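2 protein chains.
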Amino acid sequence: MATARPRRIEYSETTRQALVDSAVDLFTEHGYSQTSLDEIAKRARVTKGALYHHFGGKQALFEAAFSAVEAGVVARLSEVVSDSGDPWEATRSGLRAFLEVCLEPSYQRIVVQDGPAVMGWDRWREAEEAYTFGVLRAVVANLVSSGEIGDDLPVDALARIMFGALSAGATAIAGSASPIQERADIAVCVERVLNGLRVS
Amino acid sequence: MATARPRRIEYSETTRQALVDSAVDLFTEHGYSQTSLDEIAKRARVTKGALYHHFGGKQALFEAAFSAVEAGVVARLSEVVSDSGDPWEATRSGLRAFLEVCLEPSYQRIVVQDGPAVMGWDRWREAEEAYTFGVLRAVVANLVSSGEIGDDLPVDALARIMFGALSAGATAIAGSASPIQERADIAVCVERVLNGLRVS
DNA sequence: TGCGCGACATACTGTCGGTATGTCGCTGTA
DNA sequence: TACAGCGACATACCGACAGTATGTCGCGCA
Chain B
1 MATARPRRIE YSETTRQALV DSAVDLFTEH GYSQTSLDEI AKRARVTKGA LYHHFGGKQA
61 LFEAAFSAVE AGVVARLSEV VSDSGDPWEA TRSGLRAFLE VCLEPSYQRI VVQDGPAVMG
121 WDRWREAEEA YTFGVLRAVV ANLVSSGEIG DDLPVDALAR IMFGALSAGA TAIAGSASPI
181 QERADIAVCV ERVLNGLRVS
Chain A
1 MATARPRRIE YSETTRQALV DSAVDLFTEH GYSQTSLDEI AKRARVTKGA LYHHFGGKQA
61 LFEAAFSAVE AGVVARLSEV VSDSGDPWEA TRSGLRAFLE VCLEPSYQRI VVQDGPAVMG
121 WDRWREAEEA YTFGVLRAVV ANLVSSGEIG DDLPVDALAR IMFGALSAGA TAIAGSASPI
181 QERADIAVCV ERVLNGLRVS
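Chains as they are written, first to last, in UniProt numbering: chain B, 1 to 200; chain A, 1 to 200.
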């Protein structure tokens with residue numbers, strides 16, 4: 001039968017979704033601290049009461065927006081990575097895709113810029129574990145276990161500094177006056193670092 | 001004679017200094033958004049009126065605290081770097097010193113964590129240019145121009161991703177359950193990356 | 001058909017960043 | 001040395017906004 005799913009619940013879910021969408025847009029545009037809950041509720045065409053019914057507070061709503069952005073990113077990244085054959089090629093295409101992702105305003109602002117400050121480093125890292133960083137670490141782990149870059153490197157530490165390097169690189173691109181040139185420069189450096197790690 | 005420097009000015013400067021010190025302490029301990037101006041003023045034993053007399057607002061005070069922390073860091077870093085002889089050794093000792101710095105709570109919280117979110121990326125990068133990142137770029141520039149790692153690498157881009165990698169590494173150390181082990185792991189990876197870049 | 005509960009709306013409170021204004025004492029000047 | 005002026009604060013207040021308490025309406029079930 002069909003009515004196993006009451007209308008109320010569907011209404012509730014669309015409202016929640018509207019709030020998250022609104023939050024993603026406004027947090028991306030004006031940043032966390034410059035966005036009021038009334039604005040978010042207004043854009044979702046509900047009131048603050050609805051917002052507080054679905055979320056515990058401003059931080060909780062931010063985390064929902066964070067998760068929504070990350071979920072989309074991870075879906076694309078893991079597709080790209082799993083489509084590639086050997087670990088080396090998966091890494092290269094994965095890095096390209098990650099740089100691409102970092103250029104998107106929502107990822108840049110919500111995940112990279114405001115994320116750590118709003119959620120705190122501990123929670124941010126914990127969350128990242130299940131999203132983008134998790135994917136990157138899996139790629140690095142493959143690379144190490146396949147022996148491409150030497151099998152004596154600590155996976156977690158290497159993934160950390162790679163993640164930091166790529167985030168910083170992508171941020172530099174996003175904030176550059178000439179993104180095309182900056183991006184080419186970053187790509188050259190990343191390639192060089194990777195090739196330098198490869199066992200000869 | 002000696003009275004070229006009125007008492008009022010000295011009083012003013014000590015008040016300002018007390019406010020900056022108080023801000024550094026409280027921002028480090030509770031973060032930017034969880035610290036009220038009344039608290040900062042109270043710890044400095046003045047009122048909010050004095051605070052607004054010396055600084056344009058909360059952000060301006062944060063930037064003063066930011067600059068105070070960075071100034072101390074740069075003083076130590078540049079000393080270490082200039083004491084080392086050849087570019088290669090200067091880089092290695094500089095990296096060690098930077099990792100050390102990143103472990104300090106004030107640097108971690110005010111500069112790395114809250115800095116970008118509070119000041120915005122543009123202003124943060126602009127400020128960093130005159131502080132830690134500036135030092136790191138000078139070191140990298142030396143390395144490149146000396147031909148140690150090949151002279152065809154874009155200095156700015158390389159410095160960016162190095163900065164990101166080291167910040168992330170230090171953050172990982174600071175937040176790790178076993179900092180000693182984590183630190184050793186990070187150091188291994190950084191060494192490997194550097195050696196990989198070296199021309200053979 | 002009535003009743004309970006979930007999904008909101010409305011009205012209010014407290015906190016805090018920022019402002020407007022007042023006061024006091026040092027300092028340069030006649 | 002008397003006074004005028006300004007710099008260094010203190011005090012009182014305003015507005016915005018996160019969070020809360022309470023009211024209301026309609027769906028779904030007995």
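We put the beta carbon where it would ideally sit given N, CA and C, even for glycine.
Quantities reported herein were computed from a predicted structural model and do not represent experimental measurements.
- Taken residue by residue, none of the region 85 to 98 of chain A has a beta-carbon sitting less than 9 Å from a beta-carbon on chain B.
- Between the region 75 to 85 of chain B and the region 128 to 145 of chain B there are three or more C-beta pairs closer than 8 Å, enough to call the two in contact.
- Between residue 101 of chain A and residue 77 of chain A the beta-carbon gap is near 7 Å, inside 8 Å, which marks them as a contact.
- Take the alpha-carbon of residue 46 of chain B and the one of residue 26 of chain B: they are about 15 Å apart.
- Nearest C-alpha to residue 132 of chain B among B:146, B:153, B:99 and B:120: B:99.
- In the three-state reduction of the DSSP assignment, residue 49 of chain B falls in the helix class.
- Cα atoms of residue 95 of chain A and residue 126 of chain A: separation of roughly 22 Å, rounded to the nearest angstrom.
- Here residue 62 of chain A is near residue 118 of chain A, since their CB atoms are less than 8 Å apart.
- Residue 24 of chain A has its alpha-carbon roughly 8 Å from the corresponding atom of residue 66 of chain A.
- In this structure, the CA atom of residue 155 of chain B is about 14 Å from the CA atom of residue 129 of chain B.
- Taking CB atoms only, residue 27 of chain A has no neighbour in chain B less than 8 Å away.
- In this structure, B:194 is the residue among B:116, B:194 and B:74 with its C-alpha nearest to the C-alpha of residue 150 of chain B.
- In the DSSP annotation of this structure, residue 35 of chain A is not part of any alpha helix (DSSP H), being labelled neither H nor E.
- Following the DSSP letters along the chain, one finds residue 55 of chain B in no alpha helix (DSSP H), marked with neither H nor E.
- The contact set of residue 122 of chain A on chain B, defined by CB atoms closer than 8 Å, consists of 175 in chain order.
- Excluding five sequence positions before and after residue 93 of chain A, the CB atoms of its chain that fall closer than 6 Å to its own CB belong to 80 and 84, given in chain order.
- Between residue 135 of chain B and residue 74 of chain B, the C-beta spacing is below 8 Å.
- With a threshold of 8 Å between beta carbons, residue 133 of chain B makes no contact with chain A.
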